[in-house]
Amino acid sequence: MDYAEGIETHIGQFANAPIGAIALAVTGASYLLGREAEDALVERVFKARGLPLVTTALAVCDALTLLAARNITLISPYPETLTAKSVHYWTSRGFHIAELVQLSGDSDSFHPIYALPSDAASTALESVKDNGSDAIVMLGTGMP
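In this text, residue positions in the sequence shown follow my numbering: the first is 1, and each later residue adds one.
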């Protein structure tokens, strides 16, 4: 995966800038990497650069843990294959998926997430508001 393989090059482009941490703000990368590879990447960057690497998915895990939210609902605009990887990721991090809402856009569009109707997220949230989960995690950059 390019994000993991090229991270040293990307970090190196900052040369001697006074950086205190690195953020990787792409949850889909974490799902594709999986827990073990993501943890290894975070450790590798810290050992090589002395900098903490925070992925968006790990930051959400930390937030959910602080909230004591173990039973979560996922709302996903991703294709089924990436949604399945996200479910595996969250369960590998110790979360129970109370409910999964799979949104679908026009699969023939440039990017199905961007083809979702503007009320897709609010409709999905409304459908799970009383399901008893501890938290709702909305996936997908660009979801309306």
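Using N, Cα and C, we set each Cβ at its ideal position, and we do this for glycine too.
In chain order, 11 place their CB closer than 7 Å to the CB of residue 49, counting only its own chain and leaving out the 5 sequence neighbours on each side. Residue 52 sits away from residue 25, with the two beta carbons spaced by 8 Å or more. If you compare the alpha carbons of 88, 126, 100, 79 with that of residue 115, the shortest gap goes to 79.
Nearest in C-alpha terms to residue 65, of all of 123, 113, 96, 124, is 96.
Around the Cβ of residue 57, a 10 Å sphere holds 16 or more other Cβ atoms; the residue is buried.
Cβ contact annotation for residue 72 (same chain, cutoff 8 Å, sequence separation greater than five): 64, 90, 95, 96, 97, 98, 133, 134, 135, 136, 137, in chain order.
Shortest Cα-Cα distance from residue 44 to any of 74, 123, 7 involves 7. Around residue 19, the same chain offers 51 as residues with beta carbons nearer than 7 Å, after the five sequence neighbours per side are excluded.
Nearest C-alpha to residue 54 among 131, 129, 4: 4. When only Cα atoms are considered, residue 32 and residue 83 end up about 10 Å apart.
For residue 59, the closest of 41, 47, 34, 23 by C-alpha to C-alpha distance is 23.
Taking a 10 Å sphere around the C-beta of residue 67, we find fewer than 16 other C-beta atoms and assign the residue as exposed. In the three-state DSSP reduction, residue 76 falls in the strand class (E or B).
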